Amino acid sequence: MTFLRACIVSVVVVLAGHASAVEPTVNDFSCIRDMTPVRGFYVDNLDGDLAATVAVAEAGQGTYPTGSVVQLVPTEVMVKREAGFNPATKDWEFIELDVSADGTAIRARGFAEVVNRFGGNCFACHVKARPEFDMICEQNHGCDPIPLTAVMVKAIQKTDPRCDAVALTPEESAALQALMSATATPSSD
Ligand code: HEC
Numbered sequence: 000m001t002f003l004r005a006c007i008v009s010v011v012v013v014l015a016g017h018a019s020a021v022e023p024t025v026n027d028f029s030c031i032r033d034m035t036p037v038r039g040f041y042v043d044n045l046d047g048d049l050a051a052t053v054a055v056a057e058a059g060q061g062t063y064p065t066g067s068v069v070q071l072v073p074t075e076v077m078v079k080r081e082a083g084f085n086p087a088t089k090d091w092e093f094i095e096l097d098v099s100a101d102g103t104a105i106r107a108r109g110f111a112e113v114v115n116r117f118g119g120n121c122f123a124c125h126v127k128a129r130p131e132f133d134m135i136c137e138q139n140h141g142c143d144p145i146p147l148t149a150v151m152v153k154a155i156q157k158t159d160p161r162c163d164a165v166a167l168t169p170e171e172s173a174a175l176q177a178l179m180s181a182t183a184t185p186s187s188d
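Written out as structure tokens, the structure is:
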């Protein structure tokens, strides 16, 4: 009887241990191209189940498992927290990073309230993705668009300052140039 009870206790402990909390820290983020590419974006999993995250990403719909990390550009991240953590955002935490050759810093993080450096509220756009897409926008899931072409995105991914340098195609260089002149803020003095 005591042995049986010990067995039951250890099964419960193992199950509880598996449903661990995911608490992303700045050390979880580095060169975007070290993540796993799926179509135009990158994924990872902080809870040890990369295969489950890749499966949903490749299916192109469905609910991402706890621990999933999704990125399109080096500075914006979605991390799937444990089930029930934040029902409004379907448990996604929105994180904006500052990235440089020195590494990564967290600029903003949270749930429905997070605003990016361009004044856009992450949740307000991502919540418009149709339900089967679990707040993942891609190009045609119902979100408001972002002003980046696929070539611009590729160029931004290739120039993540935390990664080893790789060559840009002439088309990517031109796209990056166009983007930089479009986002250059005029000096106020
Ligand atoms: C103006 C609306 C808008 C805002 C604001 C916005 N996003 Fe997005 N986001 C999009 C769209 C649209 C895409 C897909 C673009 C593409 O694939 O070409 C996207 C892509 C992404 C992706 C890749 C997965 C996906 O959904 O396709 C992540 C991760 C992401 N955004 C995180 C964030 C975070 C974090 C913030 C805030 C710091 C944010 N976004 C702000 C619209 C927005």
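Residue numbering for the sequence shown follows numbering that gives the first Met the number 0, starting at 0 and increasing by one per position. For each residue, glycine too, the CB sits at the ideal point set by N, CA and C. Since the structure is predicted, the reported quantities are computational estimates derived from the model, not experimental observations.
Query                                                                                                                                    : Result
Out of 71, 143, 114, state which residue places its alpha-carbon closest to the alpha-carbon of residue 126.                             : 143
For the candidate residues 38, 46, 166, 139, whose alpha-carbon lies nearest to that of residue 27?                                      : 46
At what residues does the beta strand (DSSP E) containing residue 98 begin and finish?                                                   : 91-99
Express the C-alpha separation of residue 70 and residue 110 in angstroms, rounding to a whole number.                                   : 16 Å
Using a C-beta cutoff of 7 Å, does residue 26 count as contacting chain D?                                                               : The chain labelled as chain D is not found in the depicted structure, where only one protein chain is given.
With a CB to CB cut of under 8 Å and the five nearest residues on each side skipped, what residues in its chain are close to residue 60? : 131, 132, 133
Please name the residue, chosen from 74, 21, 33, that lies closest to residue 48 on a Cα-to-Cα basis.                                    : 21
When you compare the CB positions of residue 150 and residue 177, do they come within less than 7 Å of one another, or not?              : no
So, are the CB atoms of residue 64 and residue 51 less than 7 Å apart?                                                                   : yes
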